[in-house]
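This report refers to the structure that appears directly beneath it.
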Amino acid sequence: MFIYGNIGKNSEGHLTFAGLDTVDLAAEFGTPLYLLDEDLVRERCRIYLRAMREFFGEGSLPLFASKALSFTEIYRIVGSEGIGADVVSPGELYTALRAGFDPSLICFHGNNKTDADIAYAVRSKVGLIVSDCREELEALSAEAVRQGVRQKVLLRLSPGVDAHTHAKITTGLTDSKFGVPIETGAAGELCLYAAGLPGIELIGFHSHIGSQIADVSPFREEAIRLMDFVARMRKEGGPEVSVINFGGGLGVRYLPGDPAVDYRAALRDLAETVMSHGGGQTAKGIRFMVEPGRSIVAEAGMTLYTVGSFREIPGFTPYTSVDGGMADNPRYALYESPYTVYSANRASEACDTLTHLVGRCCESGDIIQKNVRLPRPKRGDTVAVAGTGAYNYSMASNYNRLTRPPVVILTDGRARLAVRGETFEDLVRNDI
Ligand SMILES: Cc1ncc(COP(=O)(O)O)c(C=O)c1O
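Following this line, the structure appears as structure tokens:
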């Protein structure tokens, strides 16, 4: 019945998450409420770290793609597991540094970094900056020279691999705003150009082909194209390559019918492809990285809501409105993302009613999930949406001047507040 092992039901017929009663949590912290199962986050970090070391060698490292979930405590948690972090903005970098994250384990991304972003990242001594265009590489070179340092850089490549995922989260195609395409010859040219710029040291390549990918074959294809590019650049007098970063993208289960991805097996498969390519010669002297986001935190998250109304329209599916919606979870509005929904306070009752779960924003598109089954909803019920740990809190907004919900972390049967819920004062803090 339950999609993940951290979800269950207790003797009171209440849904439990990470061993805690969700109805009690809703009563204590209010709704909407984001919950995060810390033990599962740690378990996933360990799976990735062990698999990277075992299959790619000791110096290899997973980086948590913190766009999936960014607040101070999450950087402390993943940092304490010994993995690195990928940040895509000065705000994410600031938050990571505030958490005490080791800057040498931070990789700074983004397809359009401002001069200020670049200056901040270099000053913060981030381990790697990933860039994919000439203008930015020149700005980075100038800034590094100004600060008197030699900044390590990866060139983001567009390998031309179709990951067969949702169009809005596909990033590895030649026609993309991300990366410099290998196919057109642009990547080779930019690589040789960047290698000659002062202040920067081009030490390798990065690519990220997309997200929510359950099949390893696009990753194999990505690896082959990157390793071919490494071999070609070596022949053409390119820079000494010591780092390859394959990005993130492994999927998670949002619905009971989704495949459960074996992350360790996927990394072993990827490593076998890499290590056997070119008779094993190409991989020599290279440290490998991956950047999982969703697969570290999605299944560790759950959102609780309170039902306000159950609206029946003859001949149509009824609407169940809750006290959150697209402001705390815009993923259905963006991608029609699937989610599994549970009744939290009536988890033992028959799910006899088909309904659309919708939010409270003034938008018809404010839908959390269509066609879910619940015990006939009534005002005051608590509803739980599973799998919301990734790209929910980090994508939340104040649309309609809704306050962002708190984030509560669950571990060892205890709940602790990690992010306070916003107040009306927070909403007007910058208003003049
Ligand atoms: C460069 C980069 N790395 C890693 C990720 C993380 O992807 P995922 O959350 O699917 O693992 C993303 C997601 O957009 C990305 O753009």
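Per this note's numbering: the sequence shown ends with 437, consecutive numbering throughout. Cβ atoms here follow ideal geometry from the backbone N, Cα and C, with glycine treated the same way.
Distance, Cα to Cα, residue i vs residue j?
i      : j      : result
GLU140 : LYS118 : 10 Å
ALA401 : THR393 : 12 Å
LEU133 : ARG336 : 30 Å
ARG161 : ILE249 : 10 Å
VAL279 : ALA70  : 22 Å
MET232 : GLY283 : 8 Å
ARG351 : VAL158 : 53 Å
ALA355 : PHE34  : 27 Å
TYR80  : GLY320 : 49 Å
THR358 : GLU317 : 11 Å
ARG49  : ASP29  : 27 Å
PHE22  : ASP431 : 29 Å
PRO223 : HIS211 : 15 Å
ASN435 : ILE52  : 42 Å
ILE111 : PRO261 : 35 Å
ASP120 : PRO380 : 54 Å
ILE446 : ASP42  : Because the chain is modelled from 6 through 437, residue 446 falls outside the range shown and cannot be assessed.
GLY329 : GLU245 : 51 Å
If you drop the 5 nearest sequence neighbours on each side, which residues of the same chain put their C-beta closer than 7 Å to that of residue i?
i      : result
SER239 : A small correction: the amino acid at residue 239 is Arg; Ser does not occupy that position in the sequence shown. Nothing meets the Cβ criterion.
GLY87  : LEU54
SER247 : ILE208, GLY209, GLY290, ILE291 and ARG292
THR77  : THR100, ARG103 and ALA104
ARG58  : SER65
Going by beta-carbon coordinates alone, are residue i and residue j separated by less than 8 Å?
i      : j      : result
GLY385 : LEU25  : no
LYS383 : VAL312 : yes
TYR125 : LEU145 : no
TYR340 : CYS366 : no
ALA192 : PHE234 : yes
GLY60  : ALA228 : It is Phe, not Gly, that sits at residue 60 in the sequence shown. Against a cut-off of 8 Å, the Cβ pair of ALA228 and PHE60 comes out as no contact.
GLY253 : GLY298 : yes
VAL185 : SER163 : yes
SER353 : GLY13  : no
ALA271 : VAL302 : no
GLY89  : LEU68  : yes
HIS361 : THR322 : yes
LEU40  : LEU415 : yes
ALA73  : TYR396 : yes
ASN15  : LEU45  : no
ILE187 : ARG225 : no
TYR398 : TYR259 : no
GLU206 : ARG155 : yes
VAL150 : HIS114 : no
GLY153 : CYS196 : no
Identify the residues that DSSP records as bridge partners of residue i: which are they?
i      : result
ILE372 : VAL363
ASP91  : ALA70 and CYS112
ILE414 : LEU41 and ARG421
PRO186 : SER163
ILE134 : PHE113 and VAL158
THR325 : PHE315 and LEU362
GLY209 : LEU159 and VAL248
VAL390 : THR308 and VAL346
Excluding sequence positions up to five away, which residues of its chain have a Cβ less than 6 Å from the Cβ of residue i?
i      : result
TYR9   : GLU304
ARG266 : Residue identity check: residue 266 is Val in the sequence provided, not Arg. Once the five neighbours on either side are set aside, the close Cβ partners of VAL266 are ALA219, LEU255 and GLY256.
ALA389 : LEU20, THR27, MET307, LEU309, TYR347 and ALA349
ARG406 : LEU432
TYR324 : ARG316, HIS361 and VAL363
SER109 : GLY132
ASN116 : LYS182 and PHE183
PRO410 : PRO37, LEU38, TYR39, ASP333 and GLY426
Ordered along the chain, which non-local residues of its own chain (more than five positions away) have a Cβ less than 8 Å from that of residue i?
i      : result
GLU143 : LEU202
TYR268 : ARG49, ILE52, TYR53, ALA56, LEU255, PRO297 and SER300
Please go through the stretch 233-320 and give each complete beta strand (DSSP E) segment of 3 or more residues, from N-terminal end onward.
248-250, 292-295 and 306-316
Which parts of the stretch 15-40 are runs of the beta strand (DSSP E), unbroken and 3 residues or longer, counting only runs that do not cross its ends?
20-22
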